[in-house]
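A.B. asks: One structure coming up, written as structure tokens, with questions to follow.
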Amino acid sequence: MMTELRLKSALAAAFFLSAGGAAQAETYELNAVSFRDFTGTVDIKTTSGDEVDIAIRQGKTYAPVILKEEDGVLVVTGEKWKEDDADDCCNRRITRTFKPREGRELTTGAPVDEGFFADYPTIEVLMPYEGDVEFIDARIRLAMERLAGALNLDACYVYGETGDLEEAAIGVVHGSRLVMGNVKGGLEIDVSGDADVRAGDAAMVDVDIAGPGDVVLGDIEGMLDVSIAGSGLVRAAHMDGPVTARIAGSGALAVKGGRADRLRAFIDGSGGVFFRGAAVQPDLTLYGSAEVHLDSAEGRIARHGGGTIYVGGVKLED
Numbered sequence: 000m001m002t003e004l005r006l007k008s009a010l011a012a013a014f015f016l017s018a019g020g021a022a023q024a025e026t027y028e029l030n031a032v033s034f035r036d037f038t039g040t041v042d043i044k045t046t047s048g049d050e051v052d053i054a055i056r057q058g059k060t061y062a063p064v065i066l067k068e069e070d071g072v073l074v075v076t077g078e079k080w081k082e083d084d085a086d087d088c089c090n091r092r093i094t095r096t097f098k099p100r101e102g103r104e105l106t107t108g109a110p111v112d113e114g115f116f117a118d119y120p121t122i123e124v125l126m127p128y129e130g131d132v133e134f135i136d137a138r139i140r141l142a143m144e145r146l147a148g149a150l151n152l153d154a155c156y157v158y159g160e161t162g163d164l165e166e167a168a169i170g171v172v173h174g175s176r177l178v179m180g181n182v183k184g185g186l187e188i189d190v191s192g193d194a195d196v197r198a199g200d201a202a203m204v205d206v207d208i209a210g211p212g213d214v215v216l217g218d219i220e221g222m223l224d225v226s227i228a229g230s231g232l233v234r235a236a237h238m239d240g241p242v243t244a245r246i247a248g249s250g251a252l253a254v255k256g257g258r259a260d261r262l263r264a265f266i267d268g269s270g271g272v273f274f275r276g277a278a279v280q281p282d283l284t285l286y287g288s289a290e291v292h293l294d295s296a297e298g299r300i301a302r303h304g305g306g307t308i309y310v311g312g313v314k315l316e317d
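Going by numbering that gives the first Met the number 0, the sequence shown opens with residue 0, and the numbers climb by one from there.
This is the structure in structure tokens:
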């Protein structure tokens, strides 16, 4: 939630970046910034101060950028995507159609189109460490330092990285590649299509994948809730807390170790859950060729439907 802010400048109306291409800078006394319909490069650095310094530099092609205060938030608005005038692309963010991808390996190399971003503006932001950042309907190359606030990323495309965060709600689509630091509080990840998200440790994580996307997580000390429609893959280094997995298709959840207290899985298709740790009172509903692999199980295993279950490498009989 954006904190109530005060605009240092008396300028309440929007200002437009001049077409000359030179960088322009403004200073505001606030700690929250919202980017909307923006295409370009965003570089955010955090300070111990209480002001936001923002500088905008045009790319090869002039693109209007508007700065305006709305309800105490500095709003940075670019041009709406011309190809989506009648249909905002982010309204199509989650679909239930997908093309399976073989191997489920995280993409390597640099998928970002440098030539594309060279045509659009670059925005450099210095802002308070205890602040909030929001992106709505954006195509961005992002670099952001650690933030003791919230990151809300509701974007059609993002390529880049962030430092540690207090909490985050991440929505990315096909082609996105995002690397994040640790998240102290809750972390929500929404992936559509062939997109990859890497995150560090977190307290509570909710992941929703539609398609062949990949999510890699560190240690989770709280709760993990995973929903996959397609061939998506969620991997976690360690888990301590309740785990719920809902999988339709060939997707999978893999956890390297820890304790799932308790574990629930609902799988329809050829997907699977692989938990290299102790699962407490597993409640498993399996259809098709679904599989669940557990290192160990504590308490009674509730089994519904078919599928295959292994505990300690031993297949349980129906």
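Glycine included, C-beta positions come from ideal geometry on N, C-alpha and C.
As the structure is a computational prediction, the values presented were derived from the model and not from experiment.
1. For the beta strand (DSSP E) that Ala-318 lies in, which residues bound it at each end?
2. Is the CB-CB distance between Ala-137 and Phe-37 below 7 Å?
3. As a quick exercise: from Lys-59, Leu-216, Ala-54, pick the residue whose alpha carbon is nearest that of Arg-234.
4. What is the DSSP secondary structure of Ala-209, reduced to helix, strand or coil?
5. Would you list the one or two residues that DSSP bridges to Gln-57?
6. Measure the Cβ-Cβ separation of Phe-115 and Phe-34 and say whether it is below 7 Å.
7. With H, G and I counted as helix, E and B as strand and the rest as coil, what does DSSP make of Glu-78?
8. Identify the residues that DSSP records as bridge partners of Arg-138: which are they?
9. Contact defined as beta carbons within less than 8 Å: I believe Arg-197 pairs with Met-222. What is the distance between those atoms, to the nearest angstrom?
10. Tell me whether Thr-40 is buried or exposed, calling it buried when 16 or more other Cβ atoms sit within 10 Å of its Cβ.
11. With a threshold of 6 Å on Cβ separation, who are the neighbours of Ala-301 within its own chain once the five nearest residues in sequence on each side are excluded?
12. Count the C-beta pairs between the segment 199 to 213 and the segment 168 to 183 that are closer than 8 Å, then say yes if the count reaches three, no if not.
13. For Leu-232 and Ala-251, what's the separation of their Cα atoms in angstroms?
14. Could you say if the segment 307 to 315 and the segment 279 to 294 meet the contact criterion of at least three C-beta pairs nearer than 8 Å?
15. Apart from the five residues on each side of it in sequence, which residues of its chain come closer than 6 Å, Cβ to Cβ, to Ala-296?
16. Between the beta-carbon of Arg-258 and the beta-carbon of Gly-276, is there less than 7 Å?
17. Buried or exposed: Pro-63, going by 16 or more other Cβ atoms within 10 Å of its Cβ?
18. For Val-157, tell me which candidate among Ser-191, Tyr-128, Met-126 has the shortest Cα-Cα distance.
C.D. replies: A quick look at the data gives this:
1. Past the edges of the chain, shown from 0 to 317, lies residue 318, and the structure says nothing about it.
2. Cβ atoms of Ala-137 and Phe-37: closer than 7 Å.
3. Ranking the options by Cα distance to Arg-234, first place goes to Leu-216.
4. In the structure shown, Ala-209 falls within a strand segment according to DSSP collapsed to helix, strand and coil.
5. Partner(s): none; Gln-57 has no beta bridge.
6. Annotated as distal: Phe-115 and Phe-34, with beta-carbon spacing of 7 Å or more.
7. It is coil, neither helix nor strand.
8. In DSSP, Arg-138 forms a bridge with Thr-38, Tyr-156.
9. Contact doesn't hold; Cβ gap of about 20 Å is too wide.
10. Burial call: buried.
11. Result list for Ala-301: Asp-282, in chain order.
12. The segment 199 to 213 is in contact with the segment 168 to 183.
13. The C-alpha of Leu-232 lies about 5 Å from the C-alpha of Ala-251.
14. Result yes; three or more Cβ-Cβ pairs closer than 8 Å.
15. Excluding positions up to five away in sequence, the list reads Ala-278, Pro-281, Val-310.
16. Cβ atoms of Arg-258 and Gly-276: closer than 7 Å.
17. Exposed.
18. Sorting Ser-191, Tyr-128, Met-126 by C-alpha distance to the C-alpha of Val-157 places Ser-191 at the top.
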